[in-house]
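Residue numbers (our numbering), protein chains in the order written: chain A, 1 to 338; chain B, 1 to 259. Accompanying notes for the structure given below.
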Amino acid sequence: MIELEGLTKRFGGKVAVDNLSFQVRPGVVTGFLGPNGAGKSTTMRMMLDLDNPTSGTVRIDGKHYRDLPEPLKYIGALLDAKAMHGGRSAYNNLLCLAQSNRIPTSRVDEVLDLVGLTPVARQKSKGFSLGMGQRLGIAAALLGDPEILMFDEPVNGLDPEGILWIRNLMKGLAAEGRTIFVSSHLMSEMALTAEHLIVIGQGKLLADLSMADFIQQNSRSYVRMRSPQQERLKDVLHEAGIDAIDVPATGTLEINGVAAEQLGELAAQHQIVLHELSPQRASLEEAFMRMTADSVEYHAHAPGAGELPPGAAADNPARPADVPAWGAGFDATHKGGK
Amino acid sequence: MSSFPAVLNSEWTKIRTVASTTWTLVAALVVTVGISAGLCTLFNSTFTEMPKEQQLTFDPTLASFVGMSLGQLAMIIFGVLVVGTEYSTGMIRTSLAAVPRRGELFLGKLTVATVLALVVGLATSFLSFFLGQAILGEHSTGIDEPGVLRAVFGAGLYMALIALFSMGVAAMLRSSVLAICILIPFFLLISNILNGVSATRKVAQYLPDQAGSRIMQVVPGAMDSGETPYGPWGGLGIMVLWVLASVLGGYLVLKKRDA
Ligand SMILES: Nc1ncnc2c1ncn2[C@@H]1O[C@H](COP(=O)(O)OP(=O)(O)OP(=O)(O)O)[C@@H](O)[C@H]1O
Ligand SMILES: [Mg+2]
């Protein structure tokens with residue numbers, strides 16, 4: 001359990017973290033979300049006692065980080081993948097960390113194996129690709145077999161395979177009952193891994209809620225139907241007392257609050273041919289952008305870029321083409337509340 | 001509390017697994033011994049051509065350490081890199097996450113690096129001395145002559161202290177490049193120029209290298225060194241004060257600043 005109380009960090013006149021109080025509960029993946037410059041990395045650095053808070057405290061299992069006897073055995077953190085000595089081999093970089101916390105040397109080989117770096121263990125880490133560097137950073141975080149793991153934007157700059165690997169790793173670690181605190185500025189990424197969400201903007205806490213609640217509050221789910229007998233379908237739906245929204249742009253109907261199964265059976269009863277019957281979910285990314293819109297510091301001032309990015313307009317029923325793609329992925333992987 | 005031996009063990013691994021440790025320490029030894037030997041050869045062959053007073057104040061012990069004025073530069077680079085690369089690589093965050101009590105990390109790192117510098121420094125000074133004396137032949141001195149052992153031992157101490165001083169400076173500046181750009185010109189040129197000009201000598205003789213190198217001298221006033229208001233150990237004491245100030249400064253910066 002990590003507890004933050006009134007955590008504040010000022011850099012000169014700039015408030016990077018503003019009176020943050022929240023808890024990271026054990027045994028779940030907590031997503032730490034915020035746009036660029038929101039203060040995520042600064043908060044994480046203060047959690048590890050690297051930056052001194054201007055005010056407020058962070059406690060880990062009731063203790064200050066610097067009072068943890070051998071901290072790598074409590075918390076493993078990946079803040080910056082490049083935070084290793086490039087002239088040292090991957091093995092030796094991990095070895096000196098292990099020794100400082102009296103972690104058995106055999107564990108170094110174990111974590112190298114776990115992240116798939118065994119073949120390059122004796123190579124200097126400066127030759128590593130971004131993905132290999134990230135894996136080395138994760139190996140360092142896992143070194144002390146800690147109950148709490150903290151990752152700052154672990155998927156940044158990774159290819160799809162690397163992203164999938166980290167996602168599965170985090171899920172696996174959470175399944176073992178570990179506490180995982182992971183930052184991102186991508187809601188879509190969080191939706192796939194996190195059970196709890198903490199959202200900040202300009203250093204302030206904007207939301208602290210379960211992923212399920214966030215989805216319930218922020219996403220509209222509906223069923224999309226398309227039929228060559230569109231007019232008959234509309235009539236049937238109308239007779240059944242179901243509201244259908246006509247979306248001429250795509251030639252589809254959108255139905256709120258009725259399960260796809262029920263709609264399919266209804267169409268079958270009336271022998272209506274369906275070309276599409278698909279459950280849809282409105283983009284969580286859009287909900288996140290709406291939430292943080294006021295606190296986004298660095299807007300793109302390109303012509304046409306307004307307060308909200310295109311496609312984030314509140315209740316536009318015509319979804320951009322890319323939305324269902326991860327919406328569907330989300331459906332498949334989220335555990336549907338807790 | 002994580003145990004201090006564990007920190008020492010970790011710092012030892014850090015120091016022995018980077019290439020810069022080997023090349024800086026080997027350079028410190030080779031440059032010192034090599035240049036000293038070369039100059040001893042020169043002294044030996046031109047001894048009779050020296051002015052009379054120089055012949056009288058000829059200090060064979062000090063003569064066998066003249067290469068140290070360049071060899072110490074490699075020691076300075078060693079000291080700077082030990083601390084500075086933690087910052088340039090970003091490793092400092094990883095290190096502090098592992099050992100969050102900053103004094104403990106700093107003390108561990110400085111202890112390991114200084115002991116290593118001392119071992120290499122003593123190897124350098126003894127090697128340089130014996131090789132120099134062998135070359136000087138009839139002008140040489142022996143290790144059992146008064147003050148000689150102290151000078152040879154002191155030369156090794158000097159090497160370790162200059163490295164430690166550099167570690168403190170690098171920790172204050174939090175950058176290898178900056179520290180090297182300040183320390184090398186300072187010890188290579190500025191300190192010597194200030195000490196060479198009689199107007200500034202009164203102050204310059206209190207600089208760490210000028211004061212500290214007094215320990216290597218057996219014959220007072222040898223090699224135009226002039227009179228000093230302190231003896232060999234007094235000079236080394238002044239250097240130790242500089243080193244303490246630098247280490248304290250480095251510690252305070254590490255302690256107070258965000259990593
Ligand atoms: N050492 C520093 N000195 C001055 N300002 C800083 C420092 N570190 C961070 N900041 C400022 O504090 C704010 C928060 O930065 P931080 O890196 O914590 O954001 P972030 O949420 O991690 O952003 P990103 O998603 O881009 O990584 C930014 O405005 C940044 O410019
Ligand atoms: Mg960041």
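All residues carry an ideal CB built from backbone N, CA and C; glycine is no exception.
Boundaries of the alpha helix (DSSP H) in which B/Ile238 is found, first to last residue: As a working note, residue 238 of chain B is residue 238 in the second sequence. 232-256 is the span of the alpha helix (DSSP H), which, as asked, contains B/Ile238.
Which residues of chain A have a Cβ atom closer than 8 Å to the Cβ of B/Leu96, listed in chain order? For the purposes of this step, residue 96 of chain B is taken as the residue at position 96 of the second sequence. Within 8 Å Cβ-Cβ: Leu48, Asp49, Leu50.
Compute the distance between the beta-carbons of A/Thr292 and A/Gly34, then report whether it is under 8 Å. Residue mapping note: residue 292 of chain A aligns to position 292 of the first sequence, counting from 1. Residue mapping note: residue 34 of chain A aligns to position 34 of the first sequence, counting from 1. Yes. Within cutoff.
Mark B/Thr22 as exposed unless 16 or more other C-beta atoms lie within 10 angstroms of its C-beta, in which case mark it buried. Position 22 of the second sequence, counted from the first residue, corresponds to residue 22 of chain B. Counting the other Cβ atoms within 10 Å of the Cβ of B/Thr22 gives fewer than 16, which makes it exposed.
Whole-angstrom Cβ separation of B/Arg174 and B/Val253, contact assumed at under 8 Å? For the purposes of this step, residue 174 of chain B is taken as residue 174 along the second sequence, with counting starting at 1. For the purposes of this step, residue 253 of chain B is taken as residue 253 along the second sequence, with counting starting at 1. In this structure B/Arg174 touches B/Val253 by the C-beta definition: roughly 7 Å separates them, less than 8 Å.
Please list, in chain order, the chain A residues whose beta carbon lies closer than 7 Å to that of B/Arg101. The count along the second sequence starts at 1 and reaches residue 101 of chain B at position 101. In chain order: Arg66.
One or two residues paired with A/His196 in a DSSP bridge: Your numbering for residue 196 of chain A matches position 196 in the first sequence. Paired residues: A/Thr30, A/Ser210.
Hey, A/Asn218 and A/Leu112: beta-carbon distance below 8 Å or not? Start at 1 with the first residue of the first sequence, and residue 218 of chain A comes out as number 218. Start at 1 with the first residue of the first sequence, and residue 112 of chain A comes out as number 112. No, the pair does not count as a contact, with Cβ atoms beyond the cut-off.
If you measure from the beta carbon of A/Leu112 to each beta carbon in chain B, is any gap under 8 Å? Taking the first sequence and counting its residues from 1, one reaches residue 112 of chain A at position 112. Chain B, which has no Cβ nearer than 8 Å to the Cβ of A/Leu112, makes this no.
Three-state secondary structure (DSSP) of A/Arg281: Residue 281 of chain A sits at position 281 when you count from the first residue of the first sequence. In the structure shown, A/Arg281 adopts extended strand secondary structure according to DSSP, grouped into three states.
Looking only at C-alpha atoms, which of A/Ile272, A/Gly12, A/Gln202, A/Gly62 sits nearest to A/Gly39? Reading the first sequence from its first residue, position 39 is the one you call residue 39 of chain A. In this structure, A/Gln202 is the residue among A/Ile272, A/Gly12, A/Gln202, A/Gly62 with its C-alpha nearest to the C-alpha of A/Gly39.
What residues match up with A/Thr179 in a beta bridge as DSSP calls it? The sequence position of residue 179 of chain A within the first sequence is 179, counting from 1. According to DSSP, which records beta bridges pairwise, A/Thr179 is partnered with A/Ile148.
Is the beta carbon of A/Asp235 within less than 7 Å of some heavy atom of ligand 2? What you label residue 235 of chain A is simply residue 235 of the first sequence in a count that begins at 1. Within 7 Å of the C-beta of A/Asp235 there is not a single heavy atom belonging to ligand 2.
Run through DSSP, which three-state label would A/Arg122 get? Here residue 122 of chain A refers to the residue found at position 122 when the first sequence is read from its first residue. Per DSSP, reduced to three states, the secondary structure at A/Arg122 is coil, with no helix or strand assignment.
Can you pull out the residues from the segment 65-94 of chain B whose beta carbon lies closer than 7 Å to at least one beta carbon of chain A? Here the close residues are Thr85, Thr89, Gly90, Met91, Arg93, Thr94.
Taking only beta carbons into account, state which residues of the segment 77-91 of chain A come closer than 8 Å to chain B, listed in chain order. Across the segment 77-91 of chain A, CB contacts with chain B closer than 8 Å involve Ala77, Leu79, Asp80, Lys82, Ala83, Met84, His85, Gly86, Gly87, Arg88, Ser89, in sequence order along the chain.
Judging by CA-CA distance, which residue of B/Thr61, B/Thr46, B/Thr13 is the nearest neighbour of B/Val33? By one-based count along the second sequence, residue 33 of chain B stands at place 33. Relative to the Cα of B/Val33, the nearest Cα in the group B/Thr61, B/Thr46, B/Thr13 belongs to B/Thr61.
Evaluate A/Asp196 with the Cβ neighbour count: other Cβ atoms within 10 Å of its Cβ, from every protein chain shown; 16 or more gives buried, anything less gives exposed. The sequence position of residue 196 of chain A within the first sequence is 196, counting from 1. In the sequence under discussion, the amino acid at residue 196 of chain A is His, which differs from the Asp named in the question. Counting other Cβ atoms within 10 Å of its Cβ, A/His196 reaches 16 or more and is therefore classed as buried.
Would you mind working out which of A/Gln271, A/Leu20, A/Leu95, A/Glu176 sits nearest A/Thr54, comparing C-alpha positions? Looking up residue 54 of chain A in the first sequence gives position 54. Ranking A/Gln271, A/Leu20, A/Leu95, A/Glu176 by CA distance to the CA of A/Thr54 puts A/Leu20 first.
With a threshold of 8 Å between beta-carbons, can A/Pro71 be considered close to chain B, or not? Here residue 71 of chain A refers to the residue found at position 71 of the first sequence. Residue-level contact check: A/Pro71 touches chain B, since one or more beta carbons of chain B fall below 8 Å from its beta carbon.
Express the C-alpha separation of A/Met46 and A/Gln123 in angstroms, rounding to a whole number. Working through the first sequence from its first residue, we reach residue 123 of chain A at position 123. Working through the first sequence from its first residue, we reach residue 46 of chain A at position 46. Each residue's alpha carbon lies about 32 Å from the other.
Anything in the segment 134-163 of chain A with a Cβ closer than 8 Å to a Cβ of chain B? List those residues in chain order, please. Here the close residues are Ala140.
Determine the contact status of A/Ile180 and A/Met170, defining contact as a CB-CB distance below 8 Å. Start at 1 with the first residue of the first sequence, and residue 180 of chain A comes out as number 180. Start at 1 with the first residue of the first sequence, and residue 170 of chain A comes out as number 170. With a cutoff of 8 Å on beta-carbon distance, A/Ile180 and A/Met170 are scored as near each other.
Leaving aside the five residues before and after A/Leu97 along the sequence, list all residues of the same chain whose C-beta is less than 7 Å from its C-beta, in chain order. If you number the first sequence from 1, residue 97 of chain A lands on position 97. The residues are Leu72, Ala140, Leu143.
Residue closest to A/Val155, alpha-carbon to alpha-carbon, out of A/Ala81, A/Leu173, A/Leu68, A/Glu3: Start at 1 with the first residue of the first sequence, and residue 155 of chain A comes out as number 155. That would be A/Ala81, whose Cα lies nearest to the Cα of A/Val155.
Report the option in B/Leu161, B/Ile180, B/Glu11 whose CA atom is closest to the CA atom of B/Ala170. Reading the second sequence from its first residue, position 170 is the one you call residue 170 of chain B. It is B/Ile180.
Proximal residues to A/Ala90 (C-beta, below 7 Å), its chain only, five neighbours per side dropped: Counting from one through the first sequence, the residue named residue 90 of chain A turns up at place 90. Excluding sequence neighbours, A/Ala90 sits near Leu112, Leu117, Val120, Ala121, Gln123, Ser125, Leu136.
Measuring alpha carbon to alpha carbon, tell me which of B/Gln72, B/Thr114, B/Glu227 ends up nearest B/Ile35. Counted from its first residue, the second sequence places residue 35 of chain B at position 35. Of B/Gln72, B/Thr114, B/Glu227, the smallest CA-CA separation from B/Ile35 is found for B/Gln72.
In angstroms with no decimal places, state the Cα-to-Cα distance between B/Val112 and B/Ser213. Position 112 of the second sequence holds residue 112 of chain B. Position 213 of the second sequence holds residue 213 of chain B. When only Cα atoms are considered, B/Val112 and B/Ser213 end up about 23 Å apart.
Cβ pair B/Ala204, B/Ile238 closer than 8 Å: Position 204 of the second sequence, counted from the first residue, corresponds to residue 204 of chain B. Position 238 of the second sequence, counted from the first residue, corresponds to residue 238 of chain B. Inclusion of B/Ala204 and B/Ile238 in the CB contact set at 8 Å is not warranted, their separation being larger than that value.
B/Thr17 CB to nearest chain A CB: under 8 Å? Counted from its first residue, the second sequence places residue 17 of chain B at position 17. Chain A, which has a Cβ nearer than 8 Å to the Cβ of B/Thr17, makes this yes.
Cβ pair A/Thr252, A/Arg226 closer than 8 Å: Working through the first sequence from its first residue, we reach residue 252 of chain A at position 252. Working through the first sequence from its first residue, we reach residue 226 of chain A at position 226. It is a contact, given that the beta carbons lie within the stated cut-off.
How about the segment 130-150 of chain B and the segment 89-97 of chain B: do they share at least three Cβ pairs that are nearer than 8 Å? No, because fewer than three Cβ pairs between the segment 130-150 of chain B and the segment 89-97 of chain B fall closer than 8 Å, the two stretches do not touch.
Do A/Thr42 and ligand 1 come close, with the Cβ less than 7 Å from some heavy atom? By one-based count along the first sequence, residue 42 of chain A stands at place 42. For A/Thr42, the shortest C-beta to heavy atom distance toward ligand 1 is below 7 Å.
What does a CB cutoff of less than 6 Å around B/Phe187 pick up in its chain, not counting 5 residues either side in sequence? Looking up residue 187 of chain B in the second sequence gives position 187. Asp209, listed in sequence order.
Under 8 Å between C-beta atoms of A/Met150 and A/Ile75: Residue 150 of chain A sits at position 150 when you count from the first residue of the first sequence. Residue 75 of chain A sits at position 75 when you count from the first residue of the first sequence. Against a cut-off of 8 Å, the Cβ pair of A/Ile75 and A/Met150 comes out as a contact.
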